[in-house]
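Taking my numbering, I'd label the letters of the sequence shown as residues 11 to 66.
Everything on this sheet refers to the single structure shown next.
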Amino acid sequence: MKAAVLKQFGSPLAVETVPDPVLGTGEVVVDVAAAGVLPYAAEVFRGERHTCSRCR
């Protein structure tokens, strides 16, 4: 499957082929066609914004 991977803060997302997930008991795979991106996501990807106050 394809995935957008953040390898390092400050670098662009890389679209890569990754292995399909292996299901465990009681789990399901959801096929996501589209998803929203929060306005501050670019700041998080650049490492300028932490996702929580305890992460600093």
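Every residue, glycine too, gets a C-beta built ideally from N, C-alpha and C.
Run of the alpha helix (DSSP H) containing residue i, from where it starts to where it stops
i	result
V54	A51 to F55
Whole-number beta carbon distance between residue j and residue i, since they are thought to touch under 8 Å
i	j	result
G57	G20	6 Å
Residue i - DSSP class collapsed to helix/strand/coil
i	result
A43	coil
V32	coil
V38	coil
E26	strand
K12	strand
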